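Numbering follows numbering that gives the first Met the number 0, with no gaps: position 10 of the sequence shown is 9.
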Amino acid sequence: MNRKVRFFIPLFLIFSFLSAQETPLKALVGGTLIDGYGSNPIKNSVIIIQGERILAVGNQDNTPIPENAEVISTEGMSVLPGLWDMHVHTMINGHADYDYWDRTYPPLFQDVIMPASAQQLLMAGVTSARDLGAPLEASIAVRDAINAGKIPGATLYVSGPFIQHKPYPGTEEFRWGVNGPEDGKRKIQKLAKAGVDVIKLIDQDQMTMAELKAVVDEAHKYKLKVVAHGHRPEEIRRGLQVGVDCFEHTGLSSAPAYPDDVMDMIRERTAQMNLGPLFWCPTVEGLYNYEYVRDNPEKLDNDSWHLGLPDSVVTDIRNSIKHPDQLPYFQLTPIRKPTLRTKIRQLMDAGVVLLVGTDSGIPMKFHSQSTWNELDVWVNEFGIDPMYAIRAATYWPALWMGVSDDVGTITPGKYADIIAVNGDVLRYISLLQDVDMVIKRGTRYK
Ligand SMILES: [Zn+2]
Numbered sequence: 000m001n002r003k004v005r006f007f008i009p010l011f012l013i014f015s016f017l018s019a020q021e022t023p024l025k026a027l028v029g030g031t032l033i034d035g036y037g038s039n040p041i042k043n044s045v046i047i048i049q050g051e052r053i054l055a056v057g058n059q060d061n062t063p064i065p066e067n068a069e070v071i072s073t074e075g076m077s078v079l080p081g082l083w084d085m086h087v088h089t090m091i092n093g094h095a096d097y098d099y100w101d102r103t104y105p106p107l108f109q110d111v112i113m114p115a116s117a118q119q120l121l122m123a124g125v126t127s128a129r130d131l132g133a134p135l136e137a138s139i140a141v142r143d144a145i146n147a148g149k150i151p152g153a154t155l156y157v158s159g160p161f162i163q164h165k166p167y168p169g170t171e172e173f174r175w176g177v178n179g180p181e182d183g184k185r186k187i188q189k190l191a192k193a194g195v196d197v198i199k200l201i202d203q204d205q206m207t208m209a210e211l212k213a214v215v216d217e218a219h220k221y222k223l224k225v226v227a228h229g230h231r232p233e234e235i236r237r238g239l240q241v242g243v244d245c246f247e248h249t250g251l252s253s254a255p256a257y258p259d260d261v262m263d264m265i266r267e268r269t270a271q272m273n274l275g276p277l278f279w280c281p282t283v284e285g286l287y288n289y290e291y292v293r294d295n296p297e298k299l300d301n302d303s304w305h306l307g308l309p310d311s312v313v314t315d316i317r318n319s320i321k322h323p324d325q326l327p328y329f330q331l332t333p334i335r336k337p338t339l340r341t342k343i344r345q346l347m348d349a350g351v352v353l354l355v356g357t358d359s360g361i362p363m364k365f366h367s368q369s370t371w372n373e374l375d376v377w378v379n380e381f382g383i384d385p386m387y388a389i390r391a392a393t394y395w396p397a398l399w400m401g402v403s404d405d406v407g408t409i410t411p412g413k414y415a416d417i418i419a420v421n422g423d424v425l426r427y428i429s430l431l432q433d434v435d436m437v438i439k440r441g442t443r444y445k
């Protein structure tokens with residue numbers, strides 16, 4: 000009897016020790032929690048994390064802190080779900096010359112460029128991102144390596160190649176043309192079988208309606224949502240007709256506003272509750288901030304965007320943006336800028352749900368800095384409610400992506416994708432330019 004007890008106790012201790020080792024507990028204590036749902040923040044919050052997931056959420060009065068938890072103070076901080084950026088390009092890093100980039104760097108995409116981009120996003124507090132347009136194999140490989148914990152980075156939801164009427168010369172690796180409805184279907188099947196998370200469609204006004212419909216229907220058959228450019232009015236009209244799931248950019252070149260017939264179609268669509276919300280990712284900050292960056296280029300010298308990139312690549316990028324005033328990419332931007340506020344207003348008034356996305360990676364737009372800038376322009380330039388903006392970067396993206404059971408809000412049972420920053424982000428959204436803490440799936444990266 001005595002011997003049995005003696006045997007039993009040490010074994011029990013060993014087991015409890017082992018399970019504590021396997022699932023360490025963390026407690027984030029004291030900060031103001033914005034949980035992503037949009038209601039009042041929780042003051043003096045407590046978040047208990049067990050392993051990869053959130054175990055409990057509450058405040059210091061109602062949520063006890065387990066004795067064996069590692070306590071991390073969030074006093075004085077805003078605590079919020081890891082941000083999402085719904086429109087990034089991990090295969091580019093701010094270089095100004097796409098032709099040159101596409102000729103030079105594809106061999107480095109998978110092992111250097113895309114992992115660097117994903118890591119830069121993560122360190123900027125972006126724990127999830129929709130990566131819209133890159134070679135198929137590299138997209139899948141980088142996404143999977145991050146998910147397996149082999150390399151640090153934002154969780155990526157990838158489209159692989161753009162689907163479009165015809166690839167531009169030299170871009171065939173990441174732009175797939177569609178030649179007839181059957182070809183369109185085949186290409187979607189190939190992407191689906193490779194395991195992409197989403198389909199990226201552009202130039203759909205140049206496809207035949209039969210091709211376009213085949214592509215979108217086939218994607219939906221495989222439970223893949225379709226993201227489509229909304230650059231030209233006819234892209235939007237056709238996209239709405241075939242039921243694309245999210246529009247990108249505000250487009251329209253320098254035209255002052257969306258035409259009336261397009262707005263009528265959008266309102267007709269948002270009125271159909273059975274179809275769910277109409278989502279739109281306007282990606283405004285790159286355009287809106289262009290003149291500011293051109294005239295105040297000091298921020299380009301912030302070395303956060305060097306992370307993971309070899310010196311030679313950094314030098315190459317830096318040389319390409321030496322004269323921000325001379326970049327062809329932005330020649331029309333000053334004329335487009337005043338139209339952005341109008342178009343955002345039109346979309347919001349029509350009941351569209353906006354998502355935060357940036358086109359990160361375009362000339363002078365670095366993954367380490369894009370996302371907070373988008374939030375800043377929405378809130379401080381367009382007067383959008385900061386809580387709306389934060390939800391557009393947390394709650395809604397996770398829902399759109401079909402992963403809201405796992406991420407998007409700070410809720411027991413979900414992955415612990417959590418960031419914290421000193422100060423009150425609801426009052427000063429630009430504090431997000433330098434987050435103090437980044438936790439993804441329970442692991443602290445910053
Ligand atoms: Zn883009």
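Even glycine gets a Cβ: it sits at the ideal position worked out from N, Cα and C. Note that the coordinates shown come from a computational prediction; the quantities given were computed from them, not determined experimentally.
According to DSSP, simplified to helix, strand and coil, what is proline 151? In the three-state reduction of the DSSP assignment, proline 151 falls in the coil class.
Rounded to a whole number of angstroms, what is the C-alpha to C-alpha distance between glycine 422 and glycine 29? Distance from the CA of glycine 422 to the CA of glycine 29, rounded to the nearest whole angstrom, comes to 13 Å.
Flag methionine 272 as yes if its beta-carbon sits less than 8 Å from any beta-carbon of chain C, otherwise no. Protein chains in the displayed structure number just one, and chain C is not present.
Listed in chain order, which residues are found with a beta carbon closer than 6 Å to a heavy atom of ligand 1? The chain-ordered list of residues whose CB is nearer than 6 Å to some heavy atom of ligand 1 reads His86, His88, Leu131, Asp358.
Relative to the C-alpha of alanine 209, which candidate in Trp100, Pro258, Val241, Arg440 has its C-alpha closest? The shortest C-alpha to C-alpha distance from alanine 209 to any of Trp100, Pro258, Val241, Arg440 is the one to Val241.
Where does serine 359 sit, in a helix, a strand or coil, going by DSSP? Strand at serine 359.
For methionine 272, does the count of other Cβ atoms within 10 angstroms reach 16, so buried, or fall short, so exposed? Label assigned to methionine 272: exposed.
By Cβ distance, which residues of its chain are closer than 7 Å to alanine 19, with the 5 residues on each side in sequence left out? In this prediction, alanine 19 scores a pLDDT of 49, lower than 50, which makes its location untrustworthy; the coordinate-derived value is nonetheless stated afterwards. Excluding residues within five positions, the ones whose Cβ falls inside 7 Å are Asn67.
So, for glutamate 233: in the same chain, excluding its five sequence neighbours on each side, which residues have a beta-carbon less than 7 Å away from its beta-carbon? A distance below 7 Å between beta-carbons, with the five flanking residues on each side excluded, links glutamate 233 to the following residues of its chain, in chain order: Asp204.
Cβ separation of alanine 397 and glutamate 51, assumed to be a contact under 8 Å, to the nearest whole Å: With 8 Å as the limit, alanine 397 and glutamate 51 do not qualify as a contact, their Cβ atoms being about 16 Å apart.
When the Cβ atoms of the region 126-133 are set against those of the region 155-168, are three or more pairs found closer than 8 Å? With a cut-off of 8 Å, the region 155-168 and the region 126-133 count as touching, because enough Cβ pairs lie within range.
Whole angstroms are fine: how far does the CA of glycine 93 sit from the CA of arginine 102? Going by the C-alpha atoms only, they are around 15 Å apart.
What is the C-beta distance between glutamate 290 and proline 258, in whole angstroms, given that I count them as a contact (C-beta under 8 Å)? Contact check for glutamate 290 and proline 258: beta-carbon distance about 27 Å, past the 8 Å limit, so the pair fails to qualify.
Check whether the region 109-116 touches the region 84-93, counting contact only when three or more Cβ pairs, one atom from each stretch, lie closer than 8 Å. The region 109-116 vs the region 84-93: in contact.
Closest by C-alpha distance to glycine 285, when choosing among Gly356, Ile201, Ile48, Leu274: In terms of CA proximity to glycine 285, Gly356 leads the group Gly356, Ile201, Ile48, Leu274.
Below 8 Å on the Cβ atoms is my guess for arginine 461 versus serine 252; work out the distance and round it to an integer in Å. Missing from the structure shown is residue 461; the chain here goes from 0 to 445 and no further.
Ends of the beta strand (DSSP E) at glycine 176? In the DSSP assignment, glycine 176 falls within the beta strand (DSSP E) that extends over 174-176.
CB contact flag (isoleucine 58, asparagine 43, <8 Å): Inspection of the sequence shows that residue 58 is occupied by asparagine rather than by isoleucine. Yes.
Just verifying my parser: in three-state terms, what is the DSSP assignment at glutamate 247? In this structure, DSSP gives glutamate 247 an extended state, which the three-state scheme calls strand.
Identify the continuous alpha helix (DSSP H) that holds leucine 306 and give its terminal residues. For leucine 306, there is no enclosing alpha helix (DSSP H), as DSSP marks it with neither H nor E.
Note down the Cα distance separating asparagine 379 from arginine 236, rounded to an integer number of angstroms. Cα to Cα, asparagine 379 sits roughly 31 Å from arginine 236.
Go ahead and pull the three-state DSSP assignment for histidine 447. Missing from the structure shown is residue 447; the chain here goes from 0 to 445 and no further.
Chain-order list of residues whose beta-carbon lies under 6 Å from that of leucine 346 (same chain, five-residue window excluded): Closer than 6 Å at the Cβ level, and outside the excluded window around leucine 346, lie Trp279.
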